[in-house]
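Novice: Mind looking over this structure? Questions follow.
2 protein chains.
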Amino acid sequence: MGRWAPGARGRLEYAALELYSERGFENTTVTEIAERAGLSERTFFRYFADKREVLFWGSQALQEFLARSVEEAPATASPLAAVTGALEKAASEIFEERRELLWRRQKIISANPELQERELIKLAALAKSITAALRRRGVQELPSSLAAEAGIAAFKVAFAAWAQGEGRSLAQVVRAAVEELERVAAQGAGAPDPAQSLAGAGGADGVGG
Amino acid sequence: MGRWAPGARGRLEYAALELYSERGFENTTVTEIAERAGLSERTFFRYFADKREVLFWGSQALQEFLARSVEEAPATASPLAAVTGALEKAASEIFEERRELLWRRQKIISANPELQERELIKLAALAKSITAALRRRGVQELPSSLAAEAGIAAFKVAFAAWAQGEGRSLAQVVRAAVEELERVAAQGAGAPDPAQSLAGAGGADGVGG
DNA sequence: TAGAGTCATGGCGGTTGCTGTCATGACTCG
DNA sequence: CGAGTCATGACAGCAACCGCCATGACTCTA
Chain S
1 MGRWAPGARG
11 RLEYAALELY
21 SERGFENTTV
31 TEIAERAGLS
41 ERTFFRYFAD
51 KREVLFWGSQ
61 ALQEFLARSV
71 EEAPATASPL
81 AAVTGALEKA
91 ASEIFEERRE
101 LLWRRQKIIS
111 ANPELQEREL
121 IKLAALAKSI
131 TAALRRRGVQ
141 ELPSSLAAEA
151 GIAAFKVAFA
161 AWAQGEGRSL
171 AQVVRAAVEE
181 LERVAAQGAG
191 APDPAQSLAG
201 AGGADGVGG
Chain W
210 MGRWAPGARG
220 RLEYAALELY
230 SERGFENTTV
240 TEIAERAGLS
250 ERTFFRYFAD
260 KREVLFWGSQ
270 ALQEFLARSV
280 EEAPATASPL
290 AAVTGALEKA
300 ASEIFEERRE
310 LLWRRQKIIS
320 ANPELQEREL
330 IKLAALAKSI
340 TAALRRRGVQ
350 ELPSSLAAEA
360 GIAAFKVAFA
370 AWAQGEGRSL
380 AQVVRAAVEE
390 LERVAAQGAG
400 APDPAQSLAG
410 AGGADGVGG
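Dropping the structure here:
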């Protein structure tokens, strides 16, 4: 494999993180990133589909990690247990050791809606991948989706707290969030208003206004 | 208020929906949308922040509707009950009567990742708004976030099924999803593997690999 | 009815993200 | 040493999006 200086992708990632930190995502041009990495703009777009993707390149590996963890969970584990186990595993084995990088990265993302959009679609991809892994465990479609989405929702909340400077480890925060979620769900959502449940069974009328 | 032909915004929305349907989002230029609406490209960007936003203009109203519904839920309702009640109310009062429009719109969104990103951030905004409404009911931050995110997660799954041609009403599908979510959460996520819970309490080691 | 003010719109020029295409030069292998 | 592969660069071009200013429709008031 012919190459000039090695690690072009890594250099681009590093340069982008620096520049996004220094002057913000919007005030950074792709040309500037490429220049700092000693490459051309054209080459940037050969490594990353767009200007945002440079911050999300690791998500593919995370997705595979989570899918594998879910599949390898003990056969006795409930769907949600398999999911949260995988998330805690990722938290301690992947996230914790990159704490500073992730905090920095999150600060950039929090400052920009376009980057938040990208982050959300990556989270959605994780949920989809987890759903597929649960299905491979023999779980039905609906509970698979819901366990995956609920798990990701808890992770999202936990990660936000952790990235803002929580003292506890991410795995701990994730666990606390999942336990709280179970409590919230256990309180039930059964017909808060009689009219509601009738409308649910019959149609749109009865609640209309 | 000086005006030429009324309903410029509506004409742009309509033209965009048509063109996105006909030839896809990517193969449609803003100039084409504006032309079909009898306006200029420049004017399009006065009404909509970008090319995607034209499909999501109603989400602000939905957000306010949900926040109000959550606040007005009976005082006895649990957080999740308040949220799902609001979602079912929106389903029957807002979504059902625009079924065909929404299905068409969803087909466009499903075909394009950029639009999916936008949809996800709108859903996240709904969750944030619902979280704030729960807080106003006196609910703590963590359960507020989780009830909101879990409710939106259930709605997301339900809406996807409904928009693909489910026979039942959206409110019914939402209710079924929430009930399934409760079941999934009730099975618990408690330590599927003894090593997991130790790791959660202690640190990253113990699970490491 | 005329003049002033408001406001939606159009037109224009510019920046930037992103792409297709082709040339170049580094590296590998025989 | 020559041929082939492959990462890169250079260039041209499109479309999204924005700032700026002009224009003309509409309203209000005297």
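Chains S and W are the protein sequences, given in the same order. Residue numbers for the first sequence follow the working numbering, so the first one is 1 and each next one is one higher. Residue numbers for the second sequence follow the working numbering, so the first one is 210 and each next one is one higher. A virtual CB, placed ideally from N, CA and C, is assigned to each residue, including glycine. Computed from a predicted structure; not experimentally measured.
Taking K331 (chain W) as the reference, which of W:G376, W:P215, W:F265 and W:E305 has the closest Cα?
Specialist: Among W:G376, W:P215, W:F265 and W:E305, the Cα nearest to that of K331 (chain W) belongs to W:F265.
Novice: For G217 (chain S), count neighbouring C-beta atoms within 10 Å of its own C-beta (all shown protein chains included) and say buried if the count is 16 or more, exposed if not.
Specialist: In this structure chain S extends from 1 to 209, so residue 217 (chain S) is not present and cannot be described.
Novice: Kindly list, in the order they appear in chain W, the residues whose Cβ is closer than 8 Å to that of G188 (chain S).
Specialist: Per Cβ cutoff of 8 Å: S287, L289, A290 and E391.
Novice: Using the beta-carbon count (16 or more within 10 Å), is A5 (chain S) buried or exposed?
Specialist: Looking at its Cβ environment, which holds fewer than 16 other Cβ atoms inside 10 Å, A5 (chain S) is exposed.
Novice: Interface residues of chain W around S145 (chain S) at Cβ under 7 Å?
Specialist: Neighbours of S145 (chain S) on chain W, chain order: V366.
Novice: What distance in whole Å lies between the Cβ atoms of A153 (chain S) and A362 (chain W), which are believed to be in contact at a cut-off of 8 Å?
Specialist: Confirmed, Cβ separation roughly 5 Å.
Novice: Are V173 (chain S) and L355 (chain W) closer than 9 Å when you measure CB to CB?
Specialist: For V173 (chain S) and L355 (chain W), no; Cβs fall outside 9 Å.
Novice: Identify the continuous alpha helix (DSSP H) that holds G85 (chain S) and give its terminal residues.
Specialist: Per DSSP, G85 (chain S) belongs to the alpha helix (DSSP H) from P79 to A90.
Novice: State whether the segment 309-325 of chain W contacts the segment 242-254 of chain W, with contact taken as three or more CB pairs (one from each stretch) at a distance under 8 Å.
Specialist: No: the two stretches stay apart, fewer than three of their Cβ pairs being nearer than 8 Å.
Novice: Locate the alpha helix (DSSP H) running through R255 (chain W), then write down its first and last residues.
Specialist: Residues E250 to Y256.
Novice: Name, going along the chain, the residues of the segment 372-390 of chain W whose beta-carbon falls closer than 7 Å to a beta-carbon of chain S.
Specialist: Residues S378, A380, Q381, R384, A386, V387, E389 and L390.
Novice: Quick check: V239 (chain W) and A189 (chain S), are their CB atoms within less than 9 Å of each other?
Specialist: No. Outside cutoff.
Novice: With 16 other CB atoms within 10 Å as the buried threshold, where does P79 (chain S) fall?
Specialist: When all chains shown are included, P79 (chain S) counts as buried.
Novice: What did DSSP end up calling G38 (chain S) once you bin it into helix, strand or coil?
Specialist: Note: G38 (chain S) maps to coil in three-state DSSP.
Novice: Is there at least one Cβ from chain S nearer than 9 Å to I318 (chain W)'s Cβ?
Specialist: So no, I318 (chain W) is outside the interface.
Novice: Take E100 (chain S) as the anchor and find which of S:T28, S:G7 and S:L170 has the nearest alpha-carbon.
Specialist: Answer by Cα proximity: S:L170.
Novice: Within the same chain, show all residues whose beta-carbon is closer than 7 Å to that of E96 (chain S), passing over the 5 residues directly before and after it, in chain order.
Specialist: So the list reads S169 and L170, once near-sequence residues are dropped.
Novice: Please list, in chain order, the chain S residues whose beta carbon lies closer than 8 Å to that of I330 (chain W).
Specialist: Going along chain S in sequence order, the residues near I330 (chain W) (Cβ under 8 Å) are P113, Q116, E117 and L120.
Novice: Once the 5 residues before and after L228 (chain W) are set aside, which same chain residues still bring their CB inside 7 Å of it?
Specialist: Taken in chain order, the residues that qualify are T237, E241, I242 and R245.
Novice: Between the Cα of K337 (chain W) and those of W:E281, W:A276, W:A286 and W:N321, spot the shortest distance and give me the residue it belongs to.
Specialist: Nearest option by C-alpha distance: W:A276.
Novice: Hey, out of W:A341, W:G267, W:L329 and W:G233, whose CA is closest to S278 (chain W)'s CA?
Specialist: Here the closest residue by C-alpha is W:A341.
Novice: Please confirm whether I130 (chain S) has its beta-carbon closer than 9 Å to some beta-carbon of chain W.
Specialist: So, not an interface residue.
Novice: Alpha carbon to alpha carbon, how far is A225 (chain W) from E358 (chain W)? Give it in angstroms, no decimals.
Specialist: Their Cα atoms are separated by approximately 31 Å.
Novice: What does the Cβ neighbour count give for R175 (chain S), buried or exposed, with the cut at 16 atoms within 10 Å?
Specialist: Looking at its Cβ environment, which holds 16 or more other Cβ atoms inside 10 Å, R175 (chain S) is buried.
Novice: Applying the criterion that 16 or more other CB atoms from any shown protein chain within 10 Å of the CB defines a buried residue, is G360 (chain W) buried or exposed?
Specialist: With 16 or more other Cβ atoms within 10 Å, it is buried.
Novice: At a CB-CB cut-off below 8 Å, which residues of chain S make contact with A362 (chain W)?
Specialist: By Cβ distance, chain S contributes L146, E149, A150, I152 and A153.
Novice: Which of helix, strand or coil does DSSP assign to T238 (chain W)?
Specialist: Note: T238 (chain W) maps to coil in three-state DSSP.
Novice: W312 (chain W) lies in the alpha helix (DSSP H); which residues open and close that run?
Specialist: Counting along the chain, the alpha helix (DSSP H) containing W312 (chain W) begins and ends at R308 to S319.
Novice: Report the residue from S:A161, S:E166 and S:F155 whose alpha carbon sits nearest the alpha carbon of A124 (chain S).
Specialist: The candidate whose alpha carbon is nearest that of A124 (chain S) is S:F155.
Novice: Please name the residue in W:G376, W:Y256 and W:E235 whose C-alpha comes closest to that of G216 (chain W).
Specialist: Selected option, being the one with the closest Cα: W:Y256.
Novice: My understanding is that G38 (chain S) touches R11 (chain S), with C-beta atoms under 8 Å, so please give their C-beta distance in whole angstroms.
Specialist: Their Cβ separation, rounded to whole angstroms, is 7 Å, which keeps G38 (chain S) and R11 (chain S) in contact under 8 Å.
Novice: Where in the segment 339-390 of chain W do unbroken runs of the alpha helix (DSSP H), each at least 4 residues long, occur, reported from the N-terminal end onward?
Specialist: The segment 339-390 of chain W contains these whole alpha helix (DSSP H) runs: 350-372.
Novice: Leaving out the 5 sequence neighbours to the left and right, which residues in its chain are closer than 7 Å to R261 (chain W) when beta-carbon positions are compared?
Specialist: Same-chain partners within the cutoff: E323, L324 and R327.
Novice: Excluding the 5 residues preceding and the 5 following K298 (chain W) in the sequence, name in chain order all residues of the same chain whose CB lies nearer than 6 Å to its CB.
Specialist: Correct list, in chain order: S278.
Novice: Give the residues of chain S in contact with A333 (chain W), contact being defined as C-beta atoms less than 8 Å apart.
Specialist: Within 8 Å Cβ-Cβ: Q116 and L120.
Novice: Within this structure, are the beta carbons of A161 (chain S) and F25 (chain S) separated by less than 9 Å?
Specialist: Not a contact, by the Cβ cut-off of 9 Å.
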